[in-house]
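Report on the following structure.
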Amino acid sequence: MSPSITRRNFLRTGTLAGASLLLGGCGLRGAPSAPSPVRRVRPLAPVHVRRDRVIRTVAGIRPYRPAGFVVRAAQFGDRTVIHNYGHGGGGISLAWGSSELAVELAGEAAAEREIQDFAVLGCGIMGLTTARLLQDRGYRVTIYARDLPPHTTSNVGGGQWSPFTVFQTGETSPAFDLQYERAARLSHGRYQTMVGPRYGVRWIENYILRDQPSPGRTGPISDLFYQVEEFGPGEHPFASPWVGRQSTMLIEPNTFLPAVTEDFLLRGGRIVPRTFDSTAEILALEEEGIVNCTGIGSRSLFGDFDLVPIKGQLAILLPQPEVDYIALGGGSYMFPRTDGIVLGGSQERGEWSTTTTPEVQDRILEGNRSIFEGMALPGQTGGIGEMG
């Protein structure tokens, strides 16, 4: 596996999209003569990382393209297919924005051919958001998909808003760089309108553990990460020397996907379970407009062999309602959701299997245990917290 697409490298060097945003720190800029106040992170409850608290393990395949995700129109004879796939580990983060770009292209094709009916291929987050945006423009939409929620790759996603493993630095074009930024901004804005329990979207603090202070905030979407601050030794409860803090959104897939599916159906949409084995079968659909949101399936269906599978595995612990922050460090990460504490930190490039393995689970648990076992408990000023 290339080291440039690991979460460890993502957190350490910022070589992937959004990396510098996670690592960014900004100093306090008070009057030079004013004394510096004592800064401390608020009390944080530690996660109890134990094997007997694991309630399930899941694995999924990230549809990664080194050159970035595809949003474009492709001509097949007299049929136009709009592609919207290949978002790597950033599908949830980029969904609304990338789908908006795809729907713009679909609208252009519809205007040329007076299309009123669209087929959307795929019922993960990209397919659902594309379908909803097409409905908002007045089109009739049918989703065709082999896998339906809760059995899609999107259901396996962690849900932190931070485009991750989206592209390989140095492999993208200037046009893609603009596409990426626009998709990120559009998606970020749409999610803000959905904050609340119905869609499972909320704002949350992120704490990034590292050995050295951050080099600073850079990147085209660095302004989409808020309350960015750096804490040194003695200013935070974690065992690492330095900790960066920022606020992002957390999207809970097992709440968000059913809610958007319900919205789609209430607006007259149809969902048809179907497996496609060839491009010809897709082009034979009765709907005049087609939008492809099949993710890694686009490799075989449309011959995009730039798509690379990256397997990720998660361990889900019993919920801890008192844990209200995200933690990342050393290649491991923790997202606190209502359906459980999500622990991750695995990437297997080129691996197609979605079968979970005990060996990977052990690495995930050990990596996350190292984050929390040296953590000071709320009310302590230092020392080692008990794991419970």
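For what it's worth, the working numbering labels the leading residue of the sequence shown as 219, then goes sequentially. Ideal Cβ placement from N, Cα and C applies to all residues, glycine included. Quick caveat: nothing in here was measured; it's all calculated off a predicted structure.
Tell me residue i's beta-bridge partners as DSSP assigns them.
{"i": "residue 545", "result": "425, 552"}
{"i": "residue 531", "result": "277"}
{"i": "residue 489", "result": "361"}
{"i": "residue 290", "result": "301"}
{"i": "residue 466", "result": "422"}
{"i": "residue 558", "result": "555"}
{"i": "residue 272", "result": "535"}
{"i": "residue 566", "result": "529"}
{"i": "residue 579", "result": "For residue 579, which the question treats as bridged, DSSP gives no partner whatsoever."}
Let me confirm a value: residue i is counted as buried when at least 16 other C-beta atoms fall within 10 Å, else exposed. Which label applies?
{"i": "residue 369", "result": "exposed"}
{"i": "residue 539", "result": "exposed"}
{"i": "residue 251", "result": "Note on residue 251: pLDDT 37, under 50, position unreliable in the model; the coordinate value appears next. Exposed, since its Cβ has fewer than 16 Cβ neighbours within 10 Å."}
{"i": "residue 352", "result": "buried"}
{"i": "residue 273", "result": "exposed"}
{"i": "residue 490", "result": "exposed"}
{"i": "residue 593", "result": "buried"}
{"i": "residue 294", "result": "exposed"}
{"i": "residue 543", "result": "buried"}
{"i": "residue 596", "result": "exposed"}
{"i": "residue 451", "result": "exposed"}
{"i": "residue 503", "result": "buried"}
If you compare alpha carbons, which of the options is closest to residue i?
{"i": "residue 291", "options": "308, 325, 281, 311", "result": "325"}
{"i": "residue 441", "options": "425, 464, 453, 283", "result": "464"}
{"i": "residue 335", "options": "321, 396, 343, 342", "result": "321"}
{"i": "residue 550", "options": "447, 425, 500", "result": "425"}
{"i": "residue 456", "options": "534, 294, 591", "result": "591"}
{"i": "residue 317", "options": "557, 553, 510, 588", "result": "510"}
{"i": "residue 308", "options": "392, 351, 513, 542", "result": "513"}
{"i": "residue 311", "options": "383, 483, 423", "result": "383"}
{"i": "residue 313", "options": "337, 277, 399, 284", "result": "399"}
{"i": "residue 449", "options": "431, 443, 436", "result": "431"}
{"i": "residue 342", "options": "497, 515, 584", "result": "515"}
{"i": "residue 407", "options": "391, 439, 435", "result": "439"}
{"i": "residue 497", "options": "260, 278, 298", "result": "298"}
Say whether chain C places a C-beta atom closer than 8 Å to the C-beta of residue i.
{"i": "residue 315", "result": "No chain C is part of this structure, which consists of one protein chain only."}
Please return the same chain residues whose Cβ sits closer than 6 Å to the Cβ of residue i, not counting the five positions on each side in sequence.
{"i": "residue 287", "result": "304, 305"}
{"i": "residue 418", "result": "470, 473, 474"}
{"i": "residue 461", "result": "425, 427, 449, 454"}
{"i": "residue 604", "result": "Because residue 604 carries a pLDDT of 37, less than 50, the predicted location of this residue cannot be relied on, and the following value inherits that uncertainty. Excluding residues within five positions, none has a Cβ falling inside 6 Å."}
{"i": "residue 379", "result": "311, 466, 467"}
{"i": "residue 300", "result": "291, 320, 323, 324, 509"}
{"i": "residue 554", "result": "541"}
{"i": "residue 366", "result": "341"}
Sorted by chain position, which residues of the same chain lie with C-beta nearer than 8 Å to residue i's C-beta, five sequence neighbours on each side aside?
{"i": "residue 275", "result": "531, 532, 533, 534, 574, 579"}
{"i": "residue 385", "result": "234, 235, 283, 284, 285, 286, 287, 306, 394, 398"}
Spatial neighbours of residue i within its chain, please: CB distance less than 7 Å, with the 5 preceding and 5 following residues excluded, ordered by chain position.
{"i": "residue 517", "result": "523, 525"}
{"i": "residue 568", "result": "526, 527"}
{"i": "residue 479", "result": "346, 367"}
{"i": "residue 333", "result": "327, 506, 507"}
Which runs of the beta strand (DSSP E), 3 residues or longer, sit entirely within the segment 491-538? 507-510, 526-535
Whole runs of the beta strand (DSSP E) within the segment 320-363, excluding any shorter than 3 residues: 335-339, 358-363
Write down every uninterrupted run of the beta strand (DSSP E) in the segment 387-461 whose length is 3 residues or greater and which is fully enclosed by it, in chain order. 419-428, 444-449
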